[in-house]
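S.K.:
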C-alpha cells in the first residue's frame, strides 16, 4: 500500500522520537519469557485481535483507554500494527502521555507473518 506523503512525514517524525524493535527481537523476547504488554494498534476496533491486551484497540482508542488498562506508566509496552506505521504514532503519543517504556515493532503483523513466525492459530 502506498502511503500519503504527509502521513509518512508524520510517521518518520514519530520514529525519530520512539524506540523501535523488530519482529525477530520480539519473538526472541517472548521465547526468553520477558514480561511485556503486547498491544495491537488496529485500524479499527473490529477485525482480528492478536493482542495480550484483550481486544485490540484502534488508534485513538488506545490513547483514550490506556490509563485505565495500563496504570503503571513504567510498564513495558510493545505496540504493533500492520506494518509499523500506526504503532510508531501511538508510541509517540503514549510517551507524550508519560509512558516511559514503550516500543513500536517495525514490520508489524505483516513482518511477523513474512518471517513465518507462529500465530495464535498455529
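Residue numbers (my numbering): 92 to 213.
We put the CB at the ideal spot given by N, CA and C, even for glycine.
#1: Between the C-alpha atoms of residue 115 and residue 124, what's the straight-line distance to the nearest angstrom?
#2: To the nearest angstrom, how far is the alpha carbon of residue 129 from that of residue 175?
#3: If we call anything under 8 angstroms between Cβ atoms a contact, is residue 131 one with residue 157?
#4: Please find out if some non-hydrogen atom of the ligand FMN comes closer than 7 angstroms to the beta-carbon of residue 104.
#5: Tell me which residue opens and which closes the alpha helix (DSSP H) that residue 154 is part of.
#6: Looking at the unbroken alpha helix (DSSP H) that takes in residue 111, where does it start and where does it end?
#7: Please state whether DSSP places residue 170 in a helix, a strand or coil.
#8: Quick check on this structure: which residue in 167, 182 and 154 has the alpha carbon closest to the alpha carbon of residue 101?
#9: Helix, strand or coil for residue 122 per DSSP?
#10: Indicate the three-state DSSP secondary structure (helix, strand or coil) for residue 133 in the structure shown.
#11: Whole-angstrom Cβ separation of residue 106 and residue 167, contact assumed at under 8 angstroms?
M.R.: Quick look at the numbers:
#1: 14 angstroms
#2: 14 angstroms
#3: no
#4: By its list of ligands, the structure shown contains no ligand whatsoever, and the ligand FMN lies outside what it can speak to.
#5: 152-160
#6: Here residue 111 belongs to no alpha helix (DSSP H); instead the beta strand (DSSP E) covers 110-113.
#7: strand
#8: 182
#9: helix
#10: strand
#11: Actually they do not touch by this definition, with Cβ atoms about 19 angstroms apart.
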